[in-house]
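Visitor: 7 is the number of the first residue of the sequence shown in our numbering; add one for each residue after it. Glycine is no exception: its CB is placed at the ideal position from the N, C-alpha and C atoms.
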Amino acid sequence: MKKILIINGPNLNLLGKREPDIYGNRSFIDYLKTVEQQFPDVQLHYFQSNHEGELIDKIHELGFTIDGIVINAGAYTHTSIALADALSAVTAPAVEVHISNVHARESYRHHSYLSAKCKGVIVGLGLMGYELAIRYLLSQQ
């Protein structure tokens with residue numbers, strides 16, 4: 007069975023409540039149930055934290071034993087060299103996902119430290135971006 011780690015960074019625990027005009031009305035936990043049904047033969051590990059070090063620790067913990075990482079690092083995307091280094095340090099390929107189109111938002115959201123360490127980036131397609139990232143990672147196995 008393939009194993010995929012889904013990592014969400016700061017404030018993504020508030021999906022469904024936080025700025026619904028940007029992020030929608032659905033919680034990630036509710037959405038995850040749909041994804042699990044779409045990929046019954048994939049073991050999905052989900053982790054969310056508002057703390058950078060915890061995100062790094064999870065990448066280190068699973069990044070050598072899983073088949074891929076889907077990461078939405080939230081605001082850490084634009085600030086964390088340490089997360090980029092963590093993705094570089096492990097063997098699992100990663101896909102960066104953003105629910106909103108970060109390029110249509112504030113200029114400080116236009117740069118990602120993670121993109122160069124990922125196989126690809128999916129932006130602005132809502133929660134569907136996670137499904138697309140999983141499909142891509144599975145297609146590469």
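In the DSSP assignment, what residue or residues form a beta bridge with Lys8?
Guide: Taking the sequence shown and counting its residues from 1, the one referred to as residue 8 is at position 2. Beta-bridge pairing links Lys8 to Val48.
Visitor: List the whole-angstrom C-beta distance separating Ala139 from Val101, where the pair is believed to meet the contact cut-off of C-beta under 8 Å.
Guide: Counted from its first residue, the sequence shown places residue 139 at position 133. Counted from its first residue, the sequence shown places residue 101 at position 95. That belief holds up - the Cβ atoms of Ala139 and Val101 are roughly 4 Å apart, short of 8 Å.
Visitor: Using 8 Å as the cut-off, can you tell me whether the segment 57-70 makes contact with the segment 31-39, which would need three or more C-beta pairs spanning the two stretches below that distance?
Guide: No: the two stretches stay apart, fewer than three of their Cβ pairs being nearer than 8 Å.
Visitor: Between the Cα of Tyr29 and those of Ile77, His104, Leu11 and Ala122, spot the shortest distance and give me the residue it belongs to.
Guide: Taking the first residue of the sequence shown as position 1, residue 29 is located at position 23. Cα-wise, what sits closest to Tyr29 is His104.
Visitor: Going by Cα to Cα distance, which pick from Cys124, Tyr142 and Leu120 is closest to Ala81?
Guide: Translated into the one-based positions of the sequence shown, residue 81 becomes position 75. Of the candidates Cys124, Tyr142 and Leu120, the one whose C-alpha sits nearest the C-alpha of Ala81 is Leu120.
Visitor: What would DSSP say about Gln43, mapped onto helix, strand or coil?
Guide: As a working note, residue 43 is residue 37 in the sequence shown. In this structure, Gln43 counts as helix in the three-state DSSP scheme.
Visitor: Check whether the Cβ atoms of Met7 and Gln43 sit closer than 7 Å, and answer yes or no.
Guide: For the purposes of this step, residue 7 is taken as residue 1 along the sequence shown, with counting starting at 1. For the purposes of this step, residue 43 is taken as residue 37 along the sequence shown, with counting starting at 1. In this structure, Gln43 does not lie closer than 7 Å to Met7 by Cβ.
Visitor: Looking only at its chain, what residues have a beta carbon closer than 7 Å to the beta carbon of Gly126, apart from the 5 residues adjacent to it on each side?
Guide: Start at 1 with the first residue of the sequence shown, and residue 126 comes out as number 120. Excluding sequence neighbours, Gly126 sits near Val101 and Tyr142.
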